[in-house]
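Comments concern the structure below.
In my numbering, the protein residues as written are 3 to 1121.
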């Protein structure tokens, strides 16, 4: 793909396919890839359709379709998700060709529509496509059938000019939401996890070898039945022709089998055997390989074209300017056959290999692109208005130039030579070099074909190199992942154990690895000590590659460490692996970046629609220009004297027709949809890479940049809504500052309450057990209090009473946790949460001691949060047994950021919290938020409702709810006061219970870390660990710079085309200005290259000085 026209072709082809169902198609020009959402059974149709458009396709990956999280995730039927790698896409036209082909795809092997495409997303920059497929309601399909159909699609895509490869296919069970499928969080680290792998065995040469391996694996499966599973069909298909096999196993400390042990066992069966892990094809690596391959091909063709361009320049342009008696000039002007000169014949010999050899790449893609729209099932509208890509324009232009020159050469060869050679006198030479050239070289212009191919290849090569540089920041991030690791062989004795170098793919959960100085942990995990100490050790890691912070982060034993960070400690460290290969935080970041690059802003979607019809319009304009000039020249509308001065070889047969034809060819070649198609993807990718360097992960793509830019430049009224816990406050250094038991529990821990029979010790132990299942910041504070309280109690000689059995535990969003225990045959309910949770359970909050009420008032006045512990054994035997005051430290930068947002961006600041009103207003007053803009005691769903309410104009908001707080319009600077502006609501939360609000806000910003970033519903994720809120003004400024760069690219591309097309059509011939075919080809190459180079200037962006200084101050204070 080269431009937006390619993208449009792919999109239209997919959407026009009536035999499959496609939900969506996203084509990424910059990454040369596509993502399609559809039914699993239609993957082969998708590939076939794209190939019919003239692109090489490769299926990279199939996976469950991901969507933005909602309050109630929708359930999806059983489907398949596939990822393809596609090479040969150069622009959005290629993407559109593939999309159109997929839309009109008709699979002969699938006449009953057993497999349907639900969604297709094509990514030009990533050179890939994501496809969602599914079986019909009456059919059941297996992976083998899906892969068979995908391979059929790959073959079909090759027929239309694209190389495609299937990278992965994944089945998504029915009645499961995408969030269920993809959910993952940091709590799963260091726990056993299921892993599916594929291994390949080389060195087998007979059936006995196959049986030996098959028996070994079958035996292993029986020995480790609880931890290993091999599909019977896959085991039966294992053979000499198919020496690969897949199996799944449990990875972790509790597992009895490891991948590396299986490989060693197979290798020991026979010295000739060589078993190795066959990792799934990586889209990033595959895209890099395709980019290098295409660049090598372009450079090779460019080198050959350059060799031929030199003699072409000498013969066609230099020789006619030499003196009349110069030897070279006279030699080239001699007749060879008839009136054909040596110069004309030489140019024909030079241009032919360039036209059909070096330039064959254009003809192949053009033919496949044109033939795809004439397949059965395509409408006449598509055939007439939605055909072709950039290659069609190039192929038509060069072919017309070559064939017309060849025709005039044959005419000259059939005419008898003149008795004497005549030359135009030197004083009659004009500034138009082509005119003087044609006098001596006849009416041929073979040089146009040579120069066109050369200039266009030069532009493509420069464009390819520049596009690679726009993604350098992302590529540098992927290079941070180590490929090998030092595995500790004896985990029980880390300091004395030997190590072994292994591939990262051979690591398992709970393995211990050695990380030397200056190296990176191979996978995410936990810090396990140093060779000197495994207890009180400390380490320093540079996490700037992930968070953008230059200051190293101190780690204690048990703290998380991440792949891609650098050990800057003075000694090597040990780390315990916590995730499987491919599941590290850096992998999630790369996945999010890749998906974000394919999410287009509305202006980019408009550009795609324009490029979808750009090529046909240019073809028709060129034809109209040719017809118009032909009529003007032959009808006598132009003075004969004017024609004689401007038309080369005026008076000779065909001279006027040839001159008119050159205007049509110039129009074909000067128009370039590539610049329009690359305007958004190149800027977007550069912005995403720049944001990642500053610790900002762009999850929302181009539309997120658009929304943030609108808020930053004042075209929309910015309303920033903050969550409290974990956002304005740190949410991690929380601790219980005060506690108050109900009077019945104030006695010794082993004395029970007469009414309930519950002892203080048992109550605390049950609370600790319940809070273990929570990831809320307050859970750690509660568990810390319980541990400290139990340690303070003087142990008795008696054995502790048995802990009640936990029967059920569930988290109530925005309220707390409720759990059911079984104690000596009777059950009781335990509640840990806020006052609303206590109020929901009959017989609990109604029995709250007055001392607890008084303590709550005092704590709330001091901006402390209150957590209650309620207990109920029977409807009339419940009470609030314990109240805890939890102090959460306010982020030191919060006040400055809020003040800066008000002054710099005119923002209206709100805080929406689930905490009690007194606590929330106490925190708000400390950071500069108006108490009237504080909404307290709300649930997650109510946060979403408040976000939607704040999106309304003040008058409408007040009319809908009399309780709605008044507008803060009076706090805005005068230049931002406008009742007609849209209210751009930005919600900033920590991601815990904030998904509904993040999804409903026009701009959702989450403070994220760990693997949860891959499943966030926010548009931006702030990865900084020190003063993350300082990324807010930085984010707004960077988004504005990125979106302005997109607009300037579009403006340049449109103006370039709008200005040069009339000039190429001959609008300024009367004043002596004219673009010949060769110069038009150079202009086309310059158009797309200039857009990419302009996007690269975004790398010069720097944060505002005031923000940079504040970041440096906060990092210095924290250090």
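Backbone N, C-alpha and C define an ideal beta-carbon position, used for all residues, glycine too.
query, result
"Sequence-distant residues of its chain with Cβ nearer than 6 Å to residue 523 (five each side left out)", "517, 563, 565 and 577"
"Limits of the alpha helix (DSSP H) - the one that residue 841 falls within", "837-842"
"Buried or exposed by the 16-neighbour rule on C-beta atoms within 10 Å, applied to residue 330", "exposed"
"For residue 14 and residue 991, believed in contact at Cβ under 8 Å, the rounded distance", "That belief does not hold up - the Cβ atoms of residue 991 and residue 14 are roughly 39 Å apart, past 8 Å."
"Closest by C-alpha distance to residue 1043, when choosing among 535, 1104, 633 and 1059", "1104"
"Closest Cα partner of residue 363 within the set 56, 351, 1066 and 97", "56"
"Cβ pair residue 335, residue 448 closer than 8 Å", "no"
"Within 8 Å, strictly: CB atoms of residue 277 and residue 232", "no"
"Range of the contiguous beta strand (DSSP E) that encloses residue 812", "807-814"
"Spatially closest choice to residue 53 from 30, 84 and 96, by CA coordinates", "96"
"Helix, strand or coil at residue 965 [DSSP, three-state]", "Because residue 965 sits at a pLDDT of 45, beneath the cut-off of 50, its placement in the model cannot be relied upon, and the point is left open."
"Euclidean distance between Cα positions of residue 769 and residue 789", "11 Å"
"Where residue 423 falls, given that 16 or more other Cβ within 10 Å makes a residue buried", "With a pLDDT of 45 at residue 423, under the threshold of 50, the modelled position of this residue cannot be trusted; read the value that follows with caution. The residue is exposed, with fewer than 16 neighbouring Cβ atoms inside 10 Å."
"Exposure of residue 859, with buried meaning 16 or more beta-carbon neighbours within 10 Å", "exposed"
"Length at least 3, wholly inside the segment 200-279: the beta strand (DSSP E) runs in chain order", "246-253 and 276-279"
"In DSSP terms, what residue 984 is bridged to", "718"
"Bridge-paired residues (DSSP) for residue 663", "DSSP output for residue 663 lists no bridge partner at all."
"DSSP three-state assignment for residue 1029, whether helix, strand or coil", "coil"
"Exposure of residue 343, with buried meaning 16 or more beta-carbon neighbours within 10 Å", "buried"
"Proximity winner among 713, 574, 485 and 36, relative to residue 8 (alpha-carbon distances)", "36"
"Length at least 3, wholly inside the segment 318-355: the beta strand (DSSP E) runs in chain order", "337-339"
"Where residue 1006 falls: helix, strand or coil (DSSP)", "strand"
"N-terminal and C-terminal residue of the alpha helix (DSSP H) that residue 948 is part of", "942-952"
"Buried or exposed by the 16-neighbour rule on C-beta atoms within 10 Å, applied to residue 432", "Note that residue 432 scores 43 on pLDDT, short of 50, meaning its location in the model is unreliable; the coordinates nonetheless yield the value given after this. Looking at its Cβ environment, which holds fewer than 16 other Cβ atoms inside 10 Å, residue 432 is exposed."
"Beta-bridge pairing of residue 486 - partner residues as DSSP gives them", "505"
"Burial state of residue 655 (16 or more Cβ within 10 Å)", "exposed"
"Collapsed DSSP secondary structure at residue 21 in the structure displayed", "coil"
"Spatial distance of residue 74 from residue 1001 (CA atoms)", "Residue confidence for residue 74 is low, a pLDDT of 35 falling below 50, so the modelled location carries little weight; the figure read from the coordinates is stated next. In a straight line, the C-alpha of residue 74 is about 12 Å away from that of residue 1001."
"Among 223, 266, 241 and 380, nearest to residue 18 - alpha-carbon criterion", "380"
"Completely contained alpha helix (DSSP H) runs for the segment 1061-1118, where each covers 4 or more residues", "1079-1098"
"Per-residue burial, residue 1053 [other beta carbons within 10 Å of its own, 16 or more giving buried]", "exposed"
"Exposure of residue 1119, with buried meaning 16 or more beta-carbon neighbours within 10 Å", "exposed"
"Short Cβ contact (8 Å threshold) for residue 674 with residue 1090", "yes"
"Where residue 451 falls: helix, strand or coil (DSSP)", "helix"
"Start-to-end residues for the beta strand (DSSP E) that takes in residue 913", "910-914"
"Close beta carbons around residue 823, own chain, < 7 Å, minus the five adjacent residues each side", "768, 806, 807, 808, 809, 829, 830 and 832"
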